[in-house]
Structure formats: structure tokens, C-alpha cells
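In terms of this note's numbering, the sequence shown has 52 at position 69, counting the first letter as 1, and numbering is strictly consecutive.
Backbone N, C-alpha and C define an ideal beta-carbon position, used for all residues, glycine too.
These numbers were taken from a predicted model, which means no experiment stands behind them.
Below is one structure, written out as C-alpha cells; the observations come after it.
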Amino acid sequence: MTGYSYYMSLCLRPNPGIYLPLAGGTMQGDIDMATAKLLNLSAPTADEEPSRKLDLATHATLSSGVHNAGSGNLIATDSDGIMTLPGQSGCAVYRATSYQSIPSATFTYVQLNGVDFDVQSEFDPVTTFRYTAKKSGLYIVSVYGYLRLIATSKFFGVYIVRNGVAIGSNGVNTDATWDANKANLTIPVALAIGNYVQFGIYHLDTVARNLQYGITNTGMGILKVA
């Protein structure tokens, strides 16, 4: 046997320096697949194992955290182009029970004691009534309030406060209509880790007035967008 046939016979002998045995082994260099494919891969169970197209499409195998890319931290886009951002910071909180008395001409923080949702448990509805960011970024913050029985032509304003300093406000001069006793405000807010947001309120009636409770009347919404 000579020539090419002899060369191939040498290549087919058990020589780990020339080929990778069917039983498996360790590569000593890169593999360029060109346009070929690796087929019939098993589902990954360890960090260093490759993911299949099926796993990436359904997150089924990766939900246990393999490759740190489970269903809890992958952005998903459905067939309609709608994106899901699992774990994205955000909350909707409100004044849930009883009126809160707001003194005349006294800046007061709203005690939001009800939680509709709080994705990352960043809002304290018991003690500080603050939203404290766990991640740096840009957030959309909205507040709204309804002050009961405030006299006509009295100023009533709502404020978004970051780290104890008001960074946005909106106010109305009240009249006899119900809607004129409501104020709202939405602004973008930059937060670093540990920065906090509060909802402040102020009015110029001559006596204390009650802030209406209920999710449709007084609350705050926050959503991280970048």
C-alpha cells in the first residue's frame, strides 16, 4: 500500500495526535465548522455546555440558570414583536387605607401603604415610603393625588423628590369641581444604586385637608426604562 491509501491508513490508526476518537477526547485547537452543523446535541446541564436553538427559543432548558440565561433574565420577543423584560425594576404603589391628613402650608410626604406590584422589592410601604433603586439607570416616575374638600382658589401641588430634594412639581388652583382637586406629574429620573424617590404634597388652604385613599386617587408608579 502506497501513496494516499497508505496515508489514510495511518490517519485511521488510534493516534490522538491526529484525530479525535469517537469515544471522545480533548481538542488541542479550534474547530472551524465552515457551513457544517453540529447535530443532535443534548440539552445543556452545565455552564460550559452549548445551548441549542430550541433552548434559546423557549428558555425551557435554560430556566434553571444554565449559562446564567434563564427565563428570568432573557429578553423575549413574541410573534407580534412584543418584548418582555423579566425582572425589570418597577412598582405601582398607592394610599390604601384611611385618609392622610396634610397640614396647611407644610410640605408632607405621602405615606403610600398599598402595593399593586413591586418587581424587585424596592419600595418600603411600612416605614420610609421610599422607592430605593437597586440598579443605576433612567426611570419614569409618575405621581397623582386627590385632596378632599380643599377650598376654592387654593394652591395644591404634587412633587417628585429624589434623595430629599424636589426635582419636579405640578400644581393647580382649586375650584368647586371634583377634578380640580387632583394633580399629577410624570418625569424621567436618573437614579444611581441606593438613590431613593418619594412622593411629596403641599397645599395652601387655611386648615389641614385629607388626602383621599384608594388606588385610583393617590399613588405613584415607577418603571426602569434604561
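- request: For Lys36, name the three-state secondary structure that DSSP assigns.
  value: helix
field: N- and C-terminal bounds of the beta strand (DSSP E) containing Gln181
entry: 179 to 186
- request: Look at the alpha carbon of Phe106 and the alpha carbon of Asp188, and state the distance between them as a whole number of angstroms.
  value: 30 Å
- prompt: Asn167: which of Thr115, Ala209, Gly151 sits nearest, CA to CA?
  reply: Gly151
- request: Answer yes or no: do Tyr185 and Phe90 have a C-beta to C-beta separation smaller than 9 Å?
  value: yes
- prompt: Using DSSP with H/G/I as helix, E/B as strand and the rest coil, what is Ser62?
  reply: coil
field: Asn211, DSSP secondary structure in three states
entry: Since the first residue of the chain shown is -16 and the last is 209, residue 211 is not available in this structure.
query: Taking the C-alpha atoms as reference points, what is the distance between Val208 and Gly64?
result: 18 Å
- request: Per DSSP, which residues does Thr115 bridge with? Please list them.
  value: Tyr179
- prompt: Going by DSSP, what residues sit across from Ile219 in a beta bridge?
  reply: There is no way to answer for residue 219, as the model of the chain reaches only from -16 to 209.
Exposure of Thr9, with buried meaning 16 or more beta-carbon neighbours within 10 Å: exposed
- request: Entirely within the stretch 131 to 174 and at least 3 residues each: give me those beta strand (DSSP E) ranges in chain order.
  value: 138 to 145, 148 to 156, 165 to 174
task: Tell me whether Ala175 is buried or exposed, calling it buried when 16 or more other Cβ atoms sit within 10 Å of its Cβ.
output: exposed
- request: Assign Ser72 to one of three DSSP states: helix, strand, or coil.
  value: coil
- request: Find out if the Cβ-Cβ distance for the pair Val190, Tyr122 is shorter than 9 Å.
  value: no
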